[in-house]
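Written out below as structure tokens is the structure these notes cover.
Numbering (the working numbering), first residue to last: 1 to 421.
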């Protein structure tokens, strides 16, 4: 069974300028299973040893730079023999691990001595896809062939694709691909408000709420199952916890995949740029000692808000759709300010998530208010960024408010085809 997964899109902080260039470099990977041969397993083992040797050299010389590490390590890796391109990839992999460790130290996080624990092969050299098979070089000369699944071949057969690299583990093959996507000329924006139990998407014309309550139930069920283990064996408990944690992650990703696919498809059809808010660091609000219950902290810290953002960003970039990420200062008060008049909304505990505007005399869900405000604030920045191209319009409309009552749709994530209008 194969699946499409994210390979990597953004390097550093993403700004609006990155989303308004004519051509967008989009990356993703297609993953499938395979049966390794003894030669392949030996190659994975040697690559792991090469990476760990490079890590030791980098720690001894206190270097994380790719060029410096290559000078120190390349000659010492010759004793492993085989295809020389794998040495360069081993050095690159080690440099990435060392750079991640240096970043953790700089941020004050506790670190251990880094090492690659599992057999692995990452290569951007010495491979070719032909006749439905992946051909790559072996250590002792010659080549190894891996049959590709129909799904993998269907993805790789898309026009204007470039196969960048492949990654082999003991059970899976992942092929990284890229393409230059033409940017879509958008006519508006749509805000995405991420919440624990739903994704609210829309603007002043229409709002859709995607129900994600099932992801919360999956997390609670997994926690209860892992907590019920009573066997006094650390290795067994760790293996079972890893198994059920992986099952939880796959099920959550599948539910989010269905929702994010709908969001990007609808935005592309309506030619609307997607607006996201920056909520990094939100887990600091749910630490021990903040006056919150244990179950509440567990539930909030298990929230997959980053996974939803990751899927939206790479899918939007793949089709050339701009993604605007607003800063914390730009999103301040989005869920408590009326999107029509700008007045602060009033909260009533009896109405739970409903907010009341005393000036407009309307009552709206706080998630709906947040999505509309995100759309409007993103539109302001979107129009300002394109002012050099000529009059774009929409800036006045972005702060004008809702001419009519917003249409609210609710969608159940497990059943994306069922909607209420």
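All C-beta atoms, glycine included, are put in the ideal place defined by N, C-alpha and C. For clarity, every value in this text was computed on a predicted model and none was experimentally measured.
Run through DSSP, which three-state label would residue i get?
| i | result |
| --- | --- |
| residue 398 | Residue placement at residue 398 is poorly supported in this model, since its pLDDT is 37, which falls under 50; the coordinates are not used for a value here. |
| residue 107 | coil |
| residue 58 | helix |
| residue 381 | helix |
| residue 197 | coil |
| residue 222 | helix |
| residue 321 | coil |
| residue 340 | coil |
| residue 81 | coil |
Can you name, in chain order, every residue of its own chain whose Cβ lies under 6 Å from the Cβ of residue i, other than the five neighbours on each side?
| i | result |
| --- | --- |
| residue 155 | 30 |
| residue 89 | 122, 123 |
In its own chain, which residues sit with a C-beta less than 7 Å from the C-beta of residue i, not counting the 5 before and 5 after it?
| i | result |
| --- | --- |
| residue 315 | 260, 261, 264 |
| residue 390 | Because the pLDDT at residue 390 is just 48, under 50, the model does not fix this residue reliably, and the value given afterwards should be weighed accordingly. No residues qualify anywhere along the chain. |
| residue 283 | 301 |
Out of the options, state which residue places its alpha-carbon closest to the alpha-carbon of residue i.
| i | options | result |
| --- | --- | --- |
| residue 160 | 150, 172, 178 | 178 |
| residue 49 | 62, 79, 298, 36 | 79 |
| residue 276 | 202, 231, 269 | 202 |
| residue 374 | 67, 279, 302, 117 | 279 |
| residue 42 | 372, 118, 341 | 118 |
| residue 223 | 296, 47, 310, 38 | 296 |
| residue 162 | 251, 32, 25, 147 | 25 |
| residue 130 | 138, 158, 148 | 148 |
| residue 228 | 240, 116, 37 | 240 |
| residue 44 | 378, 108, 166 | 166 |
| residue 138 | 46, 233, 254, 252 | 46 |
| residue 368 | 195, 311, 319, 323 | 195 |
| residue 157 | 133, 294, 220 | 133 |
| residue 294 | 220, 345, 101, 384 | 220 |
Which residue comes first and which comes last in the alpha helix (DSSP H) that contains residue i?
| i | result |
| --- | --- |
| residue 301 | 294–301 |
| residue 245 | 234–270 |
| residue 152 | 150–156 |
Pop quiz: residue i and residue j are said to be a contact at Cβ under 8 Å. What is the actual Cβ separation, rounded to whole angstroms?
| i | j | result |
| --- | --- | --- |
| residue 347 | residue 271 | Going by Cβ atoms, the distance from residue 347 to residue 271 rounds to 36 Å, so no, they are not a contact pair. |
| residue 94 | residue 120 | About 12 Å; that fails the 8 Å criterion. |
| residue 339 | residue 366 | Incorrect: roughly 11 Å between the Cβ atoms, too far for contact. |
| residue 55 | residue 114 | 6 Å |
| residue 85 | residue 126 | 5 Å |
Tell me where the beta strand (DSSP E) around residue i begins and ends.
| i | result |
| --- | --- |
| residue 147 | 143–147 |
| residue 71 | Not the beta strand (DSSP E): residue 71 falls in the alpha helix (DSSP H), residues 66–73. |
| residue 162 | 162–168 |
| residue 116 | No beta strand (DSSP E) contains residue 116, which DSSP labels as neither H nor E. |
| residue 184 | Segment: none, residue 184 is in no beta strand (DSSP E) and carries neither H nor E. |
Enumerate in chain order the residues of its own chain whose CB-to-CB distance from residue i is below 8 Å, with the five nearest sequence positions on each side excluded.
| i | result |
| --- | --- |
| residue 343 | 337, 357, 358, 359, 360 |
| residue 372 | 191, 202, 203, 204, 207, 339, 402, 406 |
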